[in-house]
Each structure stands twice: as structure tokens, then as C-alpha cells.
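Peer 1: Protein sequence lines correspond, in order, to chains A and B. Heads up: the first sequence begins at 133 in the working numbering, then just goes up one per residue. Heads up: the second sequence begins at 3 in the working numbering, then just goes up one per residue. A virtual CB, placed ideally from N, CA and C, is assigned to each residue, including glycine.
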Amino acid sequence: MDIEKPSNKTAGKPIQCRAAIATAPGEPLVIDEVIVDPPNSHEVRVRIICTSLCHSDVTFWKMKDFPAVFPRILGHEAIGVVESVGENVDGVVEGDVVIPHFLADCTECVGCRSKKGNLCSAFPFKISPWMPRDQTSRFKDLRGETIHHFVSVSSFSEYTVLDIAHVVKVDPTVPPNRACLLSCGVSTGVGAAWRTANVEVGSTVVIFGLGSIGLAVAEGARLCGATRIIGVDVISEKFEIGKRFGVTEFVNSKNCGDKSIIIDMTDGGADYCFECVGLASLVQEAYACCRKGWGKTIVLGVDQPGSQLSLSSFEVLHSGKILMGSLFGGLKAKSDIPILLKRYMDKELELDKFVTHEMKFEEINSAFDLLIKGKCLRCVIWMGE
Amino acid sequence: MNNKSASPKAGKVIRCKAAICRIPGKPLVIEEIEVEPPKAWEIRIKILCTSLCHSDVTFWKSSTDLPKLPLPVIFGHEAVGVVESVGEYVEEVKERDLVLPIFHRDCGECRDCKSSKSNTCSKFGRGYRPNMPRDGTSRFRELKGDVIHHFLNISSFTEYSVVDITHVVKITPHIPLGIACLLSCGVSTGVGAAWKVAGVEVGSTVAIFGLGAVGLAVAEGARLNRASKIIGVDINPEKFEIGKKFGITDFINPATCGDKTVSQVIKEMTDGGADYCFECIGLTSVMNDAFNSSREGWGKTVILGVEMHGSPISLNSIEILKGRSVCGTYFGGLKPRSDIATLAQKYLDKELNLGEFITHEVSFHDINKAFDLLLEGKSLRCIIWMDKLI
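#1: I want to verify the contact list: residues of chain B whose CB lies under 8 Å from the CB of TRP326 of chain A, in sequence order.
#2: Look at the alpha carbon of THR60 of chain B and the alpha carbon of SER286 of chain A, and state the distance between them as a whole number of angstroms.
#3: How is the alpha helix (DSSP H) around CYS23 of chain B delimited, first residue to last?
#4: Give every residue of the same chain whose Cβ lies closer than 8 Å to the Cβ of ILE237 of chain B, excluding the five residues on either side of it in the sequence, and list them in chain order.
#5: Can you give the Cα-Cα distance for CYS511 of chain A and PRO470 of chain A, rounded to whole angstroms?
#6: What whole-angstrom Cβ distance do ILE231 of chain A and ILE205 of chain A have, given they're in contact under 8 Å?
#7: In chain order, what are the residue ranges of uninterrupted alpha helix (DSSP H) at least 4 long that sit wholly in the region 356 to 387 of chain B?
#8: Which residue comes first and which comes last in the alpha helix (DSSP H) that contains TRP62 of chain B?
#9: What number of angstroms, rounded off, separates the C-alpha of ASN5 of chain B from the C-alpha of ALA292 of chain B?
#10: One question on the structure: do PHE105 of chain B and LEU73 of chain B come within less than 8 Å of each other, judged by their Cβ atoms?
#11: Give me the Cα-Cα distance between THR139 of chain B and VAL333 of chain A, rounded to the nearest whole angstrom.
#12: Rounding to the nearest angstrom, what Cα-Cα distance links GLU495 of chain A and VAL283 of chain A in this structure?
#13: When you check each C-beta in the region 485 to 514 of chain A against every C-beta of chain B, which residues fall closer than 7 Å?
#14: So with CB distances below 8 Å, who are the chain B contacts of MET456 of chain A?
#15: So, with DSSP's three-state summary, where would you put CYS168 of chain A?
#16: Cα separation between GLU363 of chain B and ALA372 of chain B?
#17: In whole angstroms, give me the CA-to-CA distance for TRP193 of chain A and ALA499 of chain A.
#18: Give the straight-line distance between the Cα atoms of MET3 of chain B and VAL165 of chain B, rounded to the nearest whole angstrom.
#19: Give, in chain order, every unbroken run of the alpha helix (DSSP H) that is at least 4 residues long and sits entirely within the region 174 to 227 of chain B.
#20: Shorter than 8 Å from the beta carbon of LEU317 of chain B to some beta carbon of chain A?
#21: Whose CA, out of A:ASN497, A:ASP237, A:CYS316, A:ARG179, lies closest to the CA of LEU472 of chain A?
#22: With DSSP as the reference, label LEU50 of chain B as helix, strand or coil.
#23: Can you give me the C-alpha to C-alpha distance between GLY457 of chain A and SER442 of chain A, rounded to a whole angstrom?
#24: Quick one: does ASP435 of chain A have its CB under 8 Å from some CB of chain B?
#25: Quick check for students: name the residue ranges of the beta strand (DSSP E) that lie wholly in the region 227 to 255 of chain A, counting only runs of 3 or more.
#26: Grab me the residues of GLU149 of chain B's own chain with a C-beta within less than 6 Å of its C-beta, minus the 5 sequence neighbours each way, in chain order.
#27: Between SER120 of chain B and the rest of its own chain, which residues show a CB-CB distance below 7 Å, the 5 nearest in sequence each way excluded?
#28: DSSP has LYS96 of chain B in a bridge; who is on the other side?
#29: Tell me which same chain residues have a C-beta within less than 6 Å of the C-beta of GLY110 of chain B, skipping the five on either side of it?
#30: Got a sec, what are the start and stop residues for the beta strand (DSSP E) PRO160 of chain A sits in?
#31: Which residues, in chain order, does the region 209 to 228 of chain A contribute to contact with chain B at a C-beta distance below 8 Å?
#32: Please return the same chain residues whose Cβ sits closer than 6 Å to the Cβ of GLY363 of chain A, not counting the five positions on each side in sequence.
#33: Taking the CB atoms as reference points, tell me whether SER1 of chain B and GLN440 of chain A lie closer together than 8 Å.
#34: Using the three-state DSSP reduction, which class does LYS507 of chain A fall into: helix, strand or coil?
#35: Output needed for GLY379 of chain B: all residues of its chain with C-beta closer than 8 Å, excluding positions within five of it in sequence on either side, in chain order.
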């Protein structure tokens, strides 16, 4: 891959480039020229090589009310090259290949230093329209109007500015159209099986929702040595697709609707159930399908803000089951993304099968169409020249 | 106790006294009953002392929300006794062994008992069936022959009881009887919840909602595991002084928090939320508070309270996504056959302080005083002595 040596001509100055801007809820993105300010202290400016579309981008693109805001540069799954760095940036220099991550990893705060979780307390997760440290934007349109950020990444732009807490340096020889997947979706799914659930060899796993996240959970469970990976979805075609990701059996919940089928199939319930859709009602189904005594239900799907999960308290007491959730698969981005990348390079973790489409930046709206219609897994968008 | 190798009554019906509940909520009546000999895989125990647990009171009071218990019934499930005789195939214990009857089954053989990941024995299925677990019949009879029912597979408010071997654990005779009795339910539940279910580690922060015997046992377990902060939440301000004896470091009375919610106060005290939150009452509103008081990233909420109205816990999905977990447990996640001996040893090694749980002692004929004391909130554990006159 050709990495153009960034010239010093742009360092310290605003860059004019193209970005795909979300201007109104549900309206096709508009590709237009924007001005990208140079990085402030603790920030880096990055030229995006590839980016991919994740369902969370679609969610906040369609949404009408806060935390959706417009105009906004969406996109949070990507890989790029550092064009210039601001003051107080250590460990990353111009020319480095980096992966942005929406979940901060400052490595220094109580949350980041703890082995028990992956939530940074210095930069708590929120759907913010700003840069995390000073709550301002680095993007303007040509009239000087502010354009908002998205989860501290905003990768649907030829250039973006990232806080150093949201960036990890990676091996420059990795194929960018595969590595970008580790920036969100695949890491979330694989991590959920590996780190959050800690699936062990011989386990039985049930996955509700076979989109990219669910399939990534299957891939993670396969790597962890699960012997049965049961996929649950309402579209039967997902089974054929799922087989390539390690799914061993399939249940079409539209046809059977009765959770006792899964309990029978698994002789009392699964060791691990993953909810990968984002429906409170489905979380209850998943909870019912995991095994009494030690079954773990892991929530990954993001429902509407304010939605509540409802469980019978007697059932919680009586069943001994555990309900848990995680963001970004419980991974600490700066340490775990390189680990997953190495496993891909060592041909253990398979990423190629997640990429169903590749396209140019100009075609970005067709990626949205494909994802909304359920006709793709990951569309990789090349920013390219 | 005599020195003969076999109990003189082995294989025969024993006539003895028992405290019987005929009408929910009314004082127990002590009457002569007959106790049949143990069948296969059963033992007959001479109860030495027993204590009153809130779960006995809940079912004694009865209510339309609870499953209907067949009456008349002999309550009690926290006790210590001596094996009087054993049925066929019993190998784990023999006559004159000191044993605890345990309401929480441990067969040692099923998939769950063999797994280190759970303590929910599945040998006789998952539901609760009154009377003896294997055949559903009772070993208690009135003198005129009518059946008297068992409770929680134990029934300890009687001079003699019959219990299935999967509900029995041997205990060292070195431990005082009153303490041994406590290990058969409430105290083990609380200590186990902190130790095994939550895995409270050195330096962690803990919040305990409800400072009855179980909540205080959680505190003791958290103290044993060297938690740095053990916050007790109770509407009775006297519980703070009592709680200090069990390791409580900070106290919150929800009635005096002013504008703030309990979870806001706990988050302030712990810089973001407690590492472990325990609900020890049985109210879903408190379970929700406990969850909201747990720290994002890794906060664990453990439910110990028995909620019997069928109302649901309500958890905000984003707060779950932020690395929190919720679970419930019976008997503190302990496996009776292995873990009770561990707790007994910790008591003997003076690591676990259990003496303060015993606040009152009565003799068997005054058993109803124990109910009064608990209902009035005046006692933690009242030991009921079968033979002694107090």
C-alpha cells in the first residue's frame, strides 16, 4: 500500500477536502467541501484511507431528536494515516497508520487501568457532537458554519481530527479494507465472546440477530472453541451466511416463536446468549434461553435511548443466571485492536468474509441503502484519490 | 445420648414435640407428633437448636402472592442436630454425627453440582415440591394419624426431623452449636454472596441495601475480603451502630437524603458508583436503586432478597451496556458440601466474626417469642434451644 509521505505544507493549517455530510434526518448524505482545522493539543489530524458503514451510523442518521444533530459528519469505523499532530501527542507521529476508536482509551484513568472493564472515566462514552476535550468542532463548511462530529471519530471525510485517546497506531502493512473493520463492529462482536463473556472451549452459545455484530460474535465464539453456535434470526438465508462464520445450527424465530425450542435443543439452556439486535423484548428472550445456574446473557444491541429491560426479580433470584452488557465488546482499544489485527495477519481471525461490498467515496449513499435493506454485511468505502 | 452403637428407636416411629402452624399468622402450637423412620437416602435428626429466619416468617404470614403451602406445617430450616438414625444407602453420615440440615440441595452428582460455575442442584428437577423430595410424602404425623407437612425440605421446629441426604452436611463439633446453626442459612447466604457470587476483592467498594441478618452477613463477608468501603443502606438509623460491628463503614438512611436519591449519594461517596451492590430485602424498587448505584465499567449487582409479588426489575439498557451485570443467588452461591466447612474453619480461625449475630436465646416452648422479636425488628438471630431451659 502506498503511503504518501505527508508534506509539511498542510501541517498547522486548515485543510479543504471532501466530506459526506448528514444534513437532515434520513436524507442522503451530501458530498461537499469542508474545512478541517489543524489538530489542537492532544489531537491528531488523519487522512482516512477506508471507512465502513455500521448500523449505529444509520441509527443516528435516521434519528430526529437529540442526541442526533445536523449537520454532522458520521462514520466511526475506519483506518487512516496521520497527516499532522498537535502538541502533547506521544506515541504517534506523521505517517503512522492508525485506527480510530469511538470508545476512548486514555490508558491512565481508573477505568482504563482497571482490568475489570473498558470504560474510560476521563472521557466517558456519549454520543457527542464535539471534540471530547474542549467541546468544539474542527469542521466547518465553506460558509464557516459548524459541522458536528460523531462519537469523536467522523470518518466520512477525507480528513478528520481525532483526540489521542481515540486513536491506536497499527502495523502499516495491514490491508486497510480489512483492518478498518476492527475499529468497531467486528471487534465488538469478537470481543463480546472473548472478553465480556469469556466463552470457553466446549461451550454452547446462542446468538440473537445475525447481522455483522452477531456474526462477529460467532467468529469470536469459534475462536474461543465453542462447540455449538446457534444462530437465531427471522430471515432463513442468514443460516447459509452464518455457516461461514461458525454458526452450527439455526432457529428461525418467526416460525417457532417458542423459546422452549432453544431450551430443548441445548438440554436446559445455553451457556451464553448474546442479544445483537437492540430490542429490550429480545433481551428477555435471550435471558429465558440461557441455562439456569450459570447461563450468561450478554447485551450488545443498542435500543432507543431511555429504553428499559424488564426482568422478573424472582426469576433473577431463582435462576442464578447473569445478565451483563458491554460496549465495544469489553475491549481496551489500544491494547486489543493490535492483538486482533495480529490474529488476522496470523490467519486465525477471518475478516474477509465480513466485507461484502467495496465502493468509492462518491457511492457512500448506496452503502446506506444496502445496509438498510439487509443486503450487505460490511461495505468498505475507499476515500482514495 | 446413650453409648449403644444403634439408636434404640432406629427403624421405629419416634414420638416427640413439634411447633405446628395450623393457621397462617397465628402463634405456633407445641404438640406431640410422630416422626417416621428415615427411608432410603434419608436421615432422622435430633435437633439441638434452631433459629428463626425471615423466610420462615414470610411463609408463616402467608399472603395471596405466595404459593399456597399445605397445612398444617412444621416451619424452620436453620438448625443443627445429631444424626439419630440413617436410611438405606446413606454413606455420607452415620449415627451421632453432628450435622446441619440445609434447605439448598447439594447432591454432589448432577451436572450442576459437579460444575464450579453454579450451586443450583438439578437432581430432582428445578421446582420446589413440598415434603420429601424423592417421593413427595411426609414423615410427620399427628397422633391421630393426619399428615403434617414439611417446609423447604427441612422442618426444624421439632425435636426430631427427617431430611434427605442431599440436604445434609456434616459439621465440625469444635464450633459452638449456636454458631453452627447460623451457618445453615442466613449467615452463609450473606457471606457467600460477598465471597463467591460477587467475588469482593481487596480495596473494593460495596453497598448493601437492607441491614437484616443477611445484609449484615454480606458486610461481614465483604469485611473478610477486605473491601475498603462498606456502605449500609437502611431506614432504621439504629442499624448503623449495629452494622459497625459487622464492618459497615458508612451509613445511608434513605429517609434523610433530602433532594438526592440514594444512588446519587452512593455515587458521590464512591466516585462513580460501588463496585458491588447487594439487595437484601426483596423489593424491586430497592433492586432498581441497587443497580443504579453500581459503577459503570464493571459494577455488579447481586439480588438476595426474595420478592414475592411478581413485580419486575427495570434496568436502563444503556446502563447495562456500560459494563454492568445483574445476578441473583440462593444460599450465597455456596455449595453446601464443600463451602460450609470452609466458613466454619474461618470462624474457628477467628477470621469470620459470627457471635454478634446471636442477639437472643429462648427455649423451645417460648418459640413464639422468637417470631415477636423478629417482627418487631429487635433481633438478628434468636437461637431456639430444644433441650435447654432458658
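Peer 2: Checking against the coordinates, here is how it stands:
#1: Within 8 Å Cβ-Cβ: nothing; TRP326 of chain A doesn't reach chain B, min ~15 Å.
#2: Using only the alpha carbons, I get a separation of about 57 Å.
#3: No alpha helix (DSSP H) holds CYS23 of chain B; DSSP gives it neither H nor E.
#4: Cβ within range, chain order: ASN255, PRO256, ALA257.
#5: Whole-angstrom Cα-Cα distance: 22 Å.
#6: Wrong, their Cβ atoms sit about 18 Å apart, outside the cutoff.
#7: 369 to 377
#8: 56 to 63
#9: Residue confidence for ASN5 of chain B is low, a pLDDT of 40 falling below 50, so the modelled location carries little weight; the figure read from the coordinates is stated next. If you take the alpha carbons of ASN5 of chain B and ALA292 of chain B, they lie about 54 Å apart.
#10: no
#11: Here the C-alpha atom of THR139 of chain B lies approximately 43 Å from the C-alpha atom of VAL333 of chain A.
#12: 23 Å
#13: none
#14: ILE322, GLY325, ARG326, SER327, VAL328
#15: The question names Cys, yet the displayed sequence has Val at residue 168 of chain A. Note: VAL168 of chain A maps to strand in three-state DSSP.
#16: 8 Å
#17: Distance between the alpha carbons of TRP193 of chain A and ALA499 of chain A is about 13 Å.
#18: Unreliable placement is indicated for MET3 of chain B, whose pLDDT of 42 sits below 50; the coordinate value is still reported in the next sentence. In a straight line, the C-alpha of MET3 of chain B is about 20 Å away from that of VAL165 of chain B.
#19: 179 to 184, 188 to 194, 215 to 226
#20: yes
#21: A:CYS316
#22: LEU50 of chain B carries a strand assignment under DSSP once its states are collapsed to helix, strand and coil.
#23: 14 Å
#24: yes
#25: 229 to 232
#26: The question names Glu, but residue 149 of chain B in the sequence shown is Val. So the list reads SER140, once near-sequence residues are dropped.
#27: Cβ neighbours of SER120 of chain B beyond the five flanking positions: ASP114.
#28: Per DSSP, none; premise fails for LYS96 of chain B.
#29: ARG339
#30: Unbroken run through PRO160 of chain A: none, as it is neither H nor E.
#31: none
#32: ILE339, LEU342, GLY374, VAL379, PHE382
#33: Outside the displayed range of chain B (3 to 392) lies residue 1 of chain B, so it cannot be described from this structure.
#34: In this structure, DSSP gives LYS507 of chain A a state outside helix and strand, which the three-state scheme calls coil.
#35: The residues are ASN238.
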